[in-house]
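A.B. asks: Here's a structure for you.
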Amino acid sequence: MSSGTGPTLAHRSVASIRSAPTIQEHSGSGPTPNTPPRIISNTYGSPATIRADDDFLIIQIGSRFIRAGFAGDNQPKAVLTSEPKDQRRAGDFRNWQQPGAGDVESWAEQYEIWRYDLRQVDLGLVYDKLDRLLRDAFGRCLLIDSRPRRAGLVIDPAVPIPILSTVLDLLFKGFQTPMISLMSTAAMSAVAAGVRSGLIIDMGWSETIVTSVYEYREVKCTRSERAGRYLHNKLYELLRKLLTDKDEDEGGVRAISFAECEDIMCRLAWCRPLAFKKVQVQRQSQQLDTVEEQDESEPEHSPGGVASIPLRSTTPPRTLDVSVDKIADICDETFFDLSIAPTTFDDHELPLHLLVYQHLLQLPMDVRATCMPRIIFTGGCSNILGVKERVVDEVMSMVNKKGWANVSGKHVEETRNSQFADRRASVAKSVSSTATVSDVGEEQDSSRPSSIATASDISDPIEAKVARHRPQIQQLQGEFRTLHSLGPWAGASLVCQLKIPAMATVDRELWLQQGASGATRPNEIDVKAQQRQSMGAGGFIRGSGGHHTNWTLGAWGNV
537 MSSGTGPTLA HRSVASIRSA PTIQEHSGSG PTPNTPPRII SNTYGSPATI
587 RADDDFLIIQ IGSRFIRAGF AGDNQPKAVL TSEPKDQRRA GDFRNWQQPG
637 AGDVESWAEQ YEIWRYDLRQ VDLGLVYDKL DRLLRDAFGR CLLIDSRPRR
687 AGLVIDPAVP IPILSTVLDL LFKGFQTPMI SLMSTAAMSA VAAGVRSGLI
737 IDMGWSETIV TSVYEYREVK CTRSERAGRY LHNKLYELLR KLLTDKDEDE
787 GGVRAISFAE CEDIMCRLAW CRPLAFKKVQ VQRQSQQLDT VEEQDESEPE
837 HSPGGVASIP LRSTTPPRTL DVSVDKIADI CDETFFDLSI APTTFDDHEL
887 PLHLLVYQHL LQLPMDVRAT CMPRIIFTGG CSNILGVKER VVDEVMSMVN
937 KKGWANVSGK HVEETRNSQF ADRRASVAKS VSSTATVSDV GEEQDSSRPS
987 SIATASDISD PIEAKVARHR PQIQQLQGEF RTLHSLGPWA GASLVCQLKI
1037 PAMATVDREL WLQQGASGAT RPNEIDVKAQ QRQSMGAGGF IRGSGGHHTN
1087 WTLGAWGNV
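Residue numbers (the working numbering): 537 to 1095.
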């Protein structure tokens, strides 16, 4: 047999795994090493490349802070505040000067990003502050690049339109955000509490805002200036009188720094419980001889004690002794102010208990009954010891005393007392008459044959068995109860993770073309656009988004 004409074995043929011959192979220089291509699935790729496409940023902007993070997280990854030390440039050594020297600038404006009063607000400075804070949050805390990402903006619906336009311009132009969803702080607080309706009491820095939310829709909103700034100024006046014994600062130099006064407010501020409730607690403690009980709302130190406060911003540093009762008096005067008649207050300076009571009084009956057992406190000042319990107790005492009557006065009280007396007399007469009628009816029934059964006495055994296994859900209405909320940021994170449509959606292209003037009111949108949009069961949408020609800012455009 010839040795060169045999068939080639299949496992020795490499032509099927090699590419076509190249020019070098035809020229005789030999085959070139070639590695077959590998196809890597996206499943085994880097998780950063997968998440970059689905990233949804949640940004909450307040008057003194911003919170930023990703949708689906339970808390933000960045919480940044605006302070004077963050606004310094290279070569600025004012931080190392003597404390208090040259402190002639405003007291709180350096620590605020924006204010509701725009008469003395520089919008360009607000733009720069927010730009610096957001870039610091994205680059240092969130560790993301400059790729465009959708964003959800959690902000108060009563924010001025120029401030909202500044924020949207920054996100659309500075960060190339393709779409922004506007979400209300009150509605998101209700979502974070796990309820659809509730009374949201936001005790923030500049204002205390009471908002009633019914089925995720804001029904009514009232405000008062009694908040963190008001308490901060009152506490500073107390500390200044103890330090200098003067009514005013000399030469614009503050007695202590803003940050140190705020630290004292956060550590020592507390509210006394209601007077009648304190008496009840004392009576209960007197009845129990073996166990000593103490109200948890009271601080660890006994009332009438003295707190020693070391001050470092004074010249020279010193230690100040402040009575704890005086700090409680400052809190009572700030939030409640019971020494003044309620008729002397303006609408913007109502005490908290009067603000909540009048807010509930002006609500419809069904909305009020739903919101009363779902009271939610948010904001930094809600962390003051005993303030939540005091507000609820004051409102309950007002309801027990006045009821839900819009009119008050001596003549009204006399008329109400006389009506109560007449009603009690009529009830007593009706009870006595029904007792006599029932006796006569029993005598007549005894004469009738008892073998005849009525239709109501016949019970269905199957229905009774189903009723035993059926869950009994009772709606709690008409009673005061407080709920805990994770905050508006957590609520917005949950909403965006579930891909629920926002209250208002702003598209980048439409905003760059039309600006805030292109937004229409919700009642000016045509009926066809309203029929095309997706209205969820919760009712988060109030207007169409960027997919239609007509778009709206929702609740932010109606203020």
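Heads up, the beta-carbon is just placed ideally off N, CA and C, and yes, glycines get one too.
Nearest CA to the CA of A805: which residue from N919, I597, K756 and T1088?
C.D. replies: N919
A.B. asks: Helix or strand or just coil, what does DSSP make of V695?
C.D. replies: coil
A.B. asks: So, at 6 Å on beta carbons, what are the nonlocal neighbours of C677 in its own chain, with the 5 sequence-adjacent residues on each side left out?
C.D. replies: K613 and A614
A.B. asks: For the region 643-702, list the beta strand (DSSP E) runs that are entirely contained and at least 3 residues long, ordered along the chain.
C.D. replies: 686-691
A.B. asks: Whose C-alpha, out of R765, E869 and M908, is nearest the C-alpha of V928?
C.D. replies: M908
A.B. asks: Tell me the DSSP secondary structure of M908 in three-state form.
C.D. replies: Residue state for M908 is assigned as coil, using DSSP reduced to three classes.
A.B. asks: Would you mind working out which of C1032, G1054 and Q1049 sits nearest V690, comparing C-alpha positions?
C.D. replies: When only C-alpha atoms are compared, the closest one is C1032.
A.B. asks: Looking at the secondary structure, which residues open and close the alpha helix (DSSP H) in which V755 lies?
C.D. replies: Here V755 belongs to no alpha helix (DSSP H); instead the beta strand (DSSP E) covers R753 to S760.
A.B. asks: Looking at A607 and S1029, is the spacing between their C-beta atoms short of 8 Å?
C.D. replies: yes
A.B. asks: Measure the C-alpha to C-alpha separation of A843 and D861 and round it to an integer number of angstroms.
C.D. replies: If you draw a straight line from the Cα of A843 to the Cα of D861, it is about 10 Å long.
A.B. asks: Grouping DSSP H, G and I as helix and E and B as strand, with all else coil, what is N1086?
C.D. replies: coil
A.B. asks: Specify the secondary structure class of M1071 as computed by DSSP and reduced to three states.
C.D. replies: Interpretation of M1071 is limited by its pLDDT of 39, a score under 50 that renders its predicted location unreliable; no figure is taken from the coordinates.
A.B. asks: List the residues that DSSP assigns as beta-bridge partners of G734.
C.D. replies: V749
A.B. asks: According to DSSP, what are the bridge partners of L778?
C.D. replies: According to DSSP, L778 bridges with nothing at all.
A.B. asks: Exposed or buried, which one is A961 when buried takes at least 16 other CB atoms within 10 Å?
C.D. replies: Residue burial annotation: A961 is exposed, with fewer than 16 other C-beta atoms found within 10 angstroms of its C-beta.
A.B. asks: In whole angstroms, what separates the C-alpha of Q1067 from that of M901?
C.D. replies: Because Q1067 carries a pLDDT of 47, less than 50, the predicted location of this residue cannot be relied on, and the following value inherits that uncertainty. Roughly 31 Å separates the two Cα atoms.
A.B. asks: In this structure, does DSSP put R803 in helix, strand or coil?
C.D. replies: helix
A.B. asks: How would you label P853, buried or exposed, when you count the other beta carbons within 10 angstroms and need 16 or more for buried?
C.D. replies: The residue is exposed, with fewer than 16 neighbouring Cβ atoms inside 10 Å.
A.B. asks: Taking I792 and T850 to be in contact with their CB atoms under 8 Å, please state how far apart those CB atoms are, rounded to whole angstroms.
C.D. replies: 6 Å
A.B. asks: Please classify E773 as buried or exposed, where buried requires at least 16 neighbouring CB atoms within 10 angstroms.
C.D. replies: exposed
A.B. asks: Which residues in the same chain have their Cβ closer than 8 Å to the Cβ of E754, if we skip the five residues on either side of it in sequence?
C.D. replies: P693, S720, A722, A723, T747, S748 and A1091
A.B. asks: Three or more C-beta pairs closer than 8 Å, one from the region 670-685 and one from the region 644-659: is that the case here?
C.D. replies: no
A.B. asks: Buried or exposed for L874, going by 16 or more other Cβ atoms inside 10 Å?
C.D. replies: Its Cβ having fewer than 16 others within 10 Å, L874 is exposed.
A.B. asks: Skipping 5 residues on each side, what residues in its chain have a beta carbon closer than 6 Å to that of D738?
C.D. replies: I745, T914 and G915
A.B. asks: For a test of the three-state rule: what should DSSP assign to T721, helix, strand or coil?
C.D. replies: helix
A.B. asks: Assuming L1022 and W1087 form a contact by the criterion Cβ under 8 Å, report the distance between their Cβ atoms to the nearest whole angstrom.
C.D. replies: The pair is not a contact, with the Cβ atoms about 30 Å apart (cut-off 8 Å).
A.B. asks: Can you list, in chain order, the residues of its chain with a C-beta nearer than 7 Å to that of T780? Leave out the 5 residues immediately preceding and following it.
C.D. replies: A791.
A.B. asks: Between H1020 and R803, what straight-line distance do the alpha-carbon atoms span, to the nearest angstrom?
C.D. replies: 22 Å
A.B. asks: Quick one: grab the DSSP three-state call for R603.
C.D. replies: strand
A.B. asks: Does the distance from the CB of H870 to the CB of Y750 come in under 8 Å?
C.D. replies: Looking at the sequence provided, one finds Thr at residue 870 rather than His. For T870 and Y750, no; Cβs fall outside 8 Å.
A.B. asks: Between E1045 and the ligand ATP, is there a pair consisting of the residue's CB and a ligand heavy atom that are separated by less than 7 Å?
C.D. replies: Only the bare structure without any ligand can be found here, which leaves the ligand ATP out of the picture.
A.B. asks: From which residue to which residue does the alpha helix (DSSP H) around P997 run?
C.D. replies: P997 to H1005
A.B. asks: Let's see if you can read the secondary structure: which residues bound the beta strand (DSSP E) around P846?
C.D. replies: V842 to L847
A.B. asks: Please list, in chain order, all residues of the same chain as R651 whose beta carbon is under 6 Å from its beta carbon, the five residues on each side excluded.
C.D. replies: V657
A.B. asks: Please work out which residues of its chain come closer than 6 Å, Cβ to Cβ, to I912, disregarding the five sequence neighbours upstream and downstream, and give them in chain order.
C.D. replies: S725, A729, G734, I736, L1019 and S1021
A.B. asks: If the criterion is Cβ atoms closer than 8 Å, does the pair P809 and E925 meet it?
C.D. replies: yes
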